[in-house]
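S.K.:
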Amino acid sequence: MTAMTTSYDIIIIGGGPGGYVAAIRAAQLGMKVACVEKEKVLGGTCLRVGCIPSKALLHASEKFHEAGHDLAALGVKVVGIKLDLPGMMKHKTDVVNDNTKGIEFLFKKNKVDWLKGEGSIPAAGQVKVGDQTYAAKHIIIATGSSVTPLPGIEIDEKQIVSSTGALSLEKVPENLVVIGAGVIGLELGSVWARLGANVQVIEYLDRILPGMDGEVAKSMQKILEKQGLQFKLSSKVTAAKTSSGGVSLTVEPAAGGKAETVKADVVLVAVGRRANTDGLGLDKIGVAMDARGRVETDGHYKTNVAGIYAVGDVIAGLMLAHKAEEDGVVCVEHIAGQKSHVDYNLVPGVVYTAPEVAAIGQTEEQLKEAGVKYKVGKFNYTANGRARAMNATTGFVKILADAATDRVLGAHIIGASAGEMIHEIATHMEYGGSAEDIARTCHAHPTLSEVVKEAALAVDGRALHS
Ligand code: NAI
5 MTAMTTSYDI IIIGGGPGGY VAAIRAAQLG MKVACVEKEK VLGGTCLRVG CIPSKALLHA
65 SEKFHEAGHD LAALGVKVVG IKLDLPGMMK HKTDVVNDNT KGIEFLFKKN KVDWLKGEGS
125 IPAAGQVKVG DQTYAAKHII IATGSSVTPL PGIEIDEKQI VSSTGALSLE KVPENLVVIG
185 AGVIGLELGS VWARLGANVQ VIEYLDRILP GMDGEVAKSM QKILEKQGLQ FKLSSKVTAA
245 KTSSGGVSLT VEPAAGGKAE TVKADVVLVA VGRRANTDGL GLDKIGVAMD ARGRVETDGH
305 YKTNVAGIYA VGDVIAGLML AHKAEEDGVV CVEHIAGQKS HVDYNLVPGV VYTAPEVAAI
365 GQTEEQLKEA GVKYKVGKFN YTANGRARAM NATTGFVKIL ADAATDRVLG AHIIGASAGE
425 MIHEIATHME YGGSAEDIAR TCHAHPTLSE VVKEAALAVD GRALHS
């Protein structure tokens, strides 16, 4: 082993949202920080091949679809609409480049050292990158997650793709089969459907969007079906055969039974993600893992080995960029002796389909299971003046409040700007607010946010516009 070169207060392994945000926060707190990243750019899955490029394509494909289908109803006639897929991909690439360079700039500004290469932990207090070994008082593992493979189905990123390949298809497939009706399947399925593909989604469960409120999932399925997506629920894909003519999938009922063949030009595998821990050397230094291969941590992100912490997708909890960021900030603040905290019940979830789906807090199913008595206030976008003016009347806001105290326990939105509007409710919930608190808050007219206010009024049976 080479001699120890530099020593740091904190070395973070992984430059995604969990890692880079932790690095910046640690620098703000006056620590000497380095972040290890093996890819050519910083930002992790989210910036390179996840949240950001997918949003660029979702937005661009939505505009394409609007131009062809929705603008005429607003008195805007568009003729000669043509898809420029390379142009759309260039927009995506430019956005990714700007964002990843932005993180590099933030590192320089905050004097965070980027250690380029793959990091491992030969011993507590040491991080090895290439042939250099660095000393660190604290090490944070923020290595994220990668696509869960499906037995019998080999991803080649051409005909059988993961989300990474689905963000870079060179042409619009005639038939796209998506395996998994989760967030990735629905978002990327929507992109290619809008650009002209026939999209069929095969899902193991008897519903889409597992974990989300059941009513929301059912409504969203109908909305997506109207948009042309087809769903084959309670089904599993057990094998795939590729040839120059396309992909042949063997699909069986989830409960067992006769298999059928489904053909596709391209297949997207979106059946979840798993923690990245390979190559870190965790087994050698005795870092405990849970049954699902994630790094085990206590409430303060500490592993069982002193001085080693973990945040983000590599530990238990929602695999979301914003959750990882909160983990990273709070982990570092604890190292600095502060007493910060993340309320994991209040991590919003957003699906960036059109319309968007957004959720915070508990679902009806969770409240029922916990035996909590609750009231429901629901208001439809159709009854909102601004939504009508925008021709965006699909969807609703549903607020769940404690039957006895009126405290908001959960909220679920399908509709335009759902991903933005959820945060008003999140803030109320963060302060332990009631439905009455939201209902008494003056909302500008005409805005979509009035749907939130009306849903809050509806909790007490007194919505004004329905
Ligand atoms: P997911 O867990 O959201 O959905 C996977 C779906 O695949 C589930 O419905 C599951 O029942 C189904 N499935 C599993 N095995 C199957 C099989 N053999 N055959 C058919 N269906 C099967 O996972 P997804 O969509 O891959 O996303 C991965 C992670 O990334 C999630 O944690 C998600 O929250 C996160 N993500 C979040 C986004 C957002 O917040 N907008 C966007 C993209 C990803």
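Here the sequence shown stands for residues 5 to 470, numbered as in the working numbering.
C-beta atoms are modelled at their ideal positions from N, C-alpha and C, and glycine is treated no differently.
Please read all numbers here as calculations on a predicted model, not as lab measurements.
#1: Using beta-carbon positions only, say whether V291 and Y305 come within less than 8 angstroms of one another.
#2: Would G419 and G399 qualify as a contact pair, given that the criterion is a beta-carbon distance under 8 angstroms?
#3: From L62 to T445, what does the alpha carbon distance come to, in whole angstroms?
#4: Which complete beta strand (DSSP E) runs does the segment 321-387 hold, if anything under 3 residues is left out?
#5: If I follow the unbroken beta strand (DSSP E) through R392, where does it start and stop?
#6: At what residue ranges does the segment 253-335 contain a whole run of the alpha helix (DSSP H), taking only runs of 4 or more?
#7: Once DSSP output is grouped into helix, strand and coil, what is the label at P126?
#8: Quick check on Y208: does DSSP put it in helix, strand or coil?
#9: Could you check what DSSP says for T97 in three-state terms: helix, strand or coil?
#10: According to DSSP, is M5 part of a helix, a strand, or is it coil?
#11: Pick helix, strand or coil for A243, following the three-state DSSP scheme.
#12: Less than 8 angstroms between C-beta atoms, sequence neighbours within five positions excluded: which residues of the same chain meet that for S167?
#13: Report yes if the CB atom of V455 is closer than 8 angstroms to the CB atom of V380, and no otherwise.
#14: Assign I17 to one of two classes, buried (16 or more other C-beta atoms within 10 Å of its C-beta) or exposed (fewer than that).
#15: Using CA coordinates, which residue listed in V251, S149, I212, A387 is at the minimum distance from I227?
#16: Where L46 and F109 are concerned, what is the direct C-alpha to C-alpha distance, given to the nearest angstrom?
#17: Rounded to whole angstroms, what's the CA-CA distance from D13 to Q231? Just pull it up for me.
#18: Just reading off the alpha helix (DSSP H) that A31 is part of, what are its end residues?
#19: Apply the 10 Å Cβ neighbour rule to M5 and answer buried if 16 or more other Cβ atoms are within range, or exposed otherwise.
#20: What's the C-alpha gap between G249 and N179?
#21: Tell me where the beta strand (DSSP E) around K42 begins and ends.
#22: Helix, strand or coil: which one does DSSP assign to I403?
#23: I believe A38 touches G332 by the beta-carbon criterion, under 8 angstroms. Please report the beta-carbon distance rounded to the nearest angstrom.
#24: For T9, count neighbouring Cβ atoms within 10 angstroms of its own Cβ and tell me buried if that reaches 16, exposed if not.
#25: Can you give the Cα-Cα distance for H416 and T49, rounded to whole angstroms?
#26: Does the ligand NAI have a heavy atom nearer than 7 angstroms to the CB of G184?
#27: Pick helix, strand or coil for A76, following the three-state DSSP scheme.
#28: For E337, tell me which candidate among M216, A467, H142 has the shortest Cα-Cα distance.
#29: Mind checking E80: buried by the 16 CB within 10 Å criterion, or exposed?
#30: Around the C-beta of G341, are 16 or more other C-beta atoms found within 10 angstroms, so that it is buried, or is it exposed?
M.R.: Quick look at the numbers:
#1: no
#2: Taking 8 angstroms as the cut-off, the Cβ atoms of G419 and G399 count as close.
#3: 33 angstroms
#4: 353-355, 360-365, 378-384
#5: Element bounds for R392: not the beta strand (DSSP E) but the alpha helix (DSSP H), 389-393.
#6: 286-289
#7: strand
#8: coil
#9: The three-state secondary structure of T97, taken from DSSP, is helix.
#10: A caution first: M5 carries a pLDDT of 49, below 50, which makes its placement in the model unreliable, though a value can still be read off. Looking at M5 - three-state DSSP - the assignment turns out to be coil, as it is neither helix nor strand.
#11: strand
#12: V53, G54, S58, V151, I188, L192, L272, A274
#13: no
#14: buried
#15: I212
#16: 10 angstroms
#17: Taking the straight line joining both Cα atoms gives about 52 angstroms.
#18: 21-32
#19: Confidence in M5 is poor, its pLDDT being 49 and thus under 50, which makes the residue's placement too unreliable to answer from.
#20: 12 angstroms
#21: Premise fails: K42 is in no beta strand (DSSP E) and is neither H nor E.
#22: strand
#23: With 8 angstroms as the limit, A38 and G332 do not qualify as a contact, their Cβ atoms being about 15 angstroms apart.
#24: Taking a 10 Å sphere around the C-beta of T9, we find fewer than 16 other C-beta atoms and assign the residue as exposed.
#25: 27 angstroms
#26: yes
#27: helix
#28: Residue H142 is the option with its Cα nearest to E337.
#29: The residue asked about is misnamed: residue 80 is Val in this sequence, not Glu. V80 comes out exposed.
#30: exposed
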